[in-house]
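This report concerns only the one structure given below.
Residue numbers (our numbering): 79 to 220.
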């Protein structure tokens with residue numbers, strides 16, 4: 079069976095199971111990195127706002143469809159109360175959009191440019207009797 083993971087059921091305790099590359103060394107001046115960070119933050123805020131608006135449009139259309147001379151669902155309400163209700167609905171969708179974009183950006187930044195691979199094991203120094211013992215133990219468990 080071809081596998082990336084070791085066939086030995088017990089991993090050595092002196093090292094991790096996967097090999098994670100070290101983070102890259104920052105390049106450029108501190109001001110340039112700060113500007114790039116601010117640009118990323120602005121892009122994140124912009125994407126969050128766009129997703130919030132896209133999620134809010136159906137809610138707005140539904141609520142505007144219920145308005146009959148500011149009589150909503152059979153009761154008369156002032157314009158300020160209606161605007162406040164729409165504002166509260168928008169903030170609710172903005173929070174949902176923020177959680178969605180946070181999840182997506184976290185996934186993007188986690189996987190961008192890094193590859194995590196299992197650490198290879200050398201079979202040269204291992205004893206064949208240890209493998210036979212493992213096979214005997216695993217056969218009795220079946």
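Every residue, glycine too, gets a C-beta built ideally from N, C-alpha and C. All values derive from a computational prediction rather than experimental measurement.
{"Query": "Straight-line CA distance for residue 111 to residue 153?", "Result": "55 Å"}
{"Query": "Out of 148, 182, 137, 123, state which residue places its alpha-carbon closest to the alpha-carbon of residue 166.", "Result": "137"}
{"Query": "Please state whether the Cβ-Cβ distance between residue 157 and residue 148 is less than 8 Å.", "Result": "yes"}
{"Query": "For residue 154, which beta-bridge partners are listed by DSSP?", "Result": "149"}
{"Query": "Measuring alpha carbon to alpha carbon, tell me which of 131, 160, 132, 129 ends up nearest residue 144.", "Result": "160"}
{"Query": "Can you tell me which of the three DSSP states residue 165 falls into?", "Result": "helix"}
{"Query": "In three-state DSSP terms, what is residue 130?", "Result": "helix"}
{"Query": "If you draw a straight line from the C-alpha of residue 129 to the C-alpha of residue 118, how long is it?", "Result": "16 Å"}
{"Query": "Exposed or buried, which one is residue 113 when buried takes at least 16 other CB atoms within 10 Å?", "Result": "exposed"}
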